[in-house]
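With my numbering applied, the sequence shown corresponds to residues 1 to 227, in that order.
For every residue, glycine included, the Cβ atom is placed at its ideal position computed from N, Cα and C.
Here the structure is a predicted model, which means the values were calculated and not measured.
Working notes, structure below.
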Amino acid sequence: MAKQERAIRTRNALVESAAALFDREGFEVASLATISARAGVSSGALHFHFPSKAALADAVVAAAGDRLVRITREREALPLQTLIDASHELVQGLRADPVLRAGFVLGAGGAERARVSQDLRRQWREWVEAVVARSERAGLLAPDVTASDVSAAVVAVAAGHAALGQQDPRWLERAPLTRFWAFLLPRVVGAARVGLFIASGAPEAEPYGSAATGEGEGVAVEAEARS
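Below you can see the structure in the form of structure tokens.
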């Protein structure tokens with residue numbers, strides 16, 4: 001059992017190290033020697049767990065996928081509030097977690113990687129579309145609003161925050177996304193229902209990567225709109 005636990009710790013350390021270097025240097029530039037040294041393990045141990053850099057990248061994407069599953073978990077809230085809360089967790093995760101950041105980049109494929117195990121951006125988009133469709137079926141959207149338009153806006157804004165945050169981390173703070181939701185919600189649900197939702201995320205929502213500390217506390221849309 002101790003040997004198995006040691007192997008799991010080694011594997012996790014390599015994934016974390018690889019993610020940090022892929023995030024900072026890019027997949028092509030990051031070397032296996034640097035990854036193993038940063039993780040504090042030998043090159044032989046790295047190759048025991050991962051036969052190639054592509055296999056290590058796949059492990060990073062899989063780990064990021066596990067984080068995305070947690071972010072998009074079911075919640076005891078209206079589906080649109082679930083989307084708001086998850087969007088905040090995603091942006092907070094992209095700010096704080098190199099595994100999540102690297103996973104989204106690697107999972108998108110492109111010239112750096114010929115093999116793609118998961119496309120996290122597609123998974124996020126499909127989840128957003130499903131939640132917005134549930135909101136539409138529940139009668140939560142304004143009559144002249146379509147689910148496809150809401151989904152497109154949310155996906156585009158999340159992608160924009162992620163891209164802008166690479167240059168300016170302030171885009172990955174809670175306030176910019178809160179302002180987006182405060183602006184969008186009256187149009188999406190109508191003025192009569194806007195008070196049902198919290199643009200900054202539900203107060204009971206767990207901040208990314210930690211137990212609830214009060215960081216996730218928010219105010220109602222009306223208060224956000226006035227600020």
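State the start and end residues of the unbroken alpha helix (DSSP H) segment that holds residue i.
| i | result |
| --- | --- |
| Ser135 | 120 to 137 |
Taking its Cβ as the centre, do 16 or more other Cβ atoms sit within 10 Å of residue i, making it buried, or is it exposed?
| i | result |
| --- | --- |
| Arg122 | exposed |
| Pro51 | exposed |
| Val29 | exposed |
| Gly107 | buried |
| Val69 | exposed |
| Glu74 | exposed |
| Gly201 | buried |
| Ser17 | buried |
| Ser87 | buried |
| Ala93 | Here residue 93 turns out to be Gly, not Ala, going by the sequence shown. Classification for Gly93: buried. |
| Asp58 | buried |
| Thr146 | exposed |
| Ser36 | buried |
Once DSSP output is grouped into helix, strand and coil, what is the label at residue i?
| i | result |
| --- | --- |
| Glu16 | helix |
| Ala2 | helix |
| Phe22 | helix |
| Ser31 | coil |
| Ala142 | coil |
Can you give me the Cβ contacts of residue i inside the same chain, cut-off strictly under 8 angstroms, excluding the 5 residues immediately before and after it?
| i | result |
| --- | --- |
| Ala223 | Residue placement at Ala223 is flagged as unreliable, the pLDDT there being 33, under the threshold of 50; the coordinate-derived value follows with that caveat. Within the same chain, Ala223 has no close Cβ partners at all. |
| Gly110 | Because the pLDDT of Gly110 is 49, which lies under 50, any placement of that residue in the model is unreliable, and the number read from its coordinates should be weighed accordingly. Here the set comprises nothing. |
| Ala142 | Arg187, Val188, Val189, Gly190 |
| Leu10 | The question names Leu, but residue 10 is Thr in the sequence shown. The answer, listed in chain order, is Ala39, Val41, Ala45, His49. |
Ordered along the chain, which non-local residues of its own chain (more than five positions away) have a Cβ less than 6 angstroms from that of residue i?
| i | result |
| --- | --- |
| Arg134 | Pro79 |
| Val128 | Ser151, Val154, Val155 |
| Phe48 | none |
| Ala102 | Ala19, Phe22, Asp23, Val60 |
| Ala114 | For Ala114, the predicted structure reports a pLDDT of 40, less than 50, and the residue's modelled location is therefore unreliable. A value from the coordinates is still provided. Nothing meets the Cβ criterion. |
Counting only the same chain and skipping the five closest in sequence on each side, list residues whose C-beta sits under 7 angstroms from that of residue i.
| i | result |
| --- | --- |
| Phe180 | Val157 |
| Leu185 | Val194, Phe197, Ala199, Val221 |
| Pro98 | Ala19, Ala20, Asp23 |
| Leu100 | Ala64, Arg67, Gly93, Leu94 |
| Ala130 | none |
Uninterrupted alpha helix (DSSP H) stretches inside the region 78 to 113 (no shorter than 4 residues): 79 to 96, 98 to 107
Alpha helix (DSSP H) runs wholly inside the region 150 to 213, at least 4 long, in chain order: 174 to 189
Entirely enclosed alpha helix (DSSP H) segments - the region 37 to 75, minimum 4 residues: 43 to 49, 53 to 71
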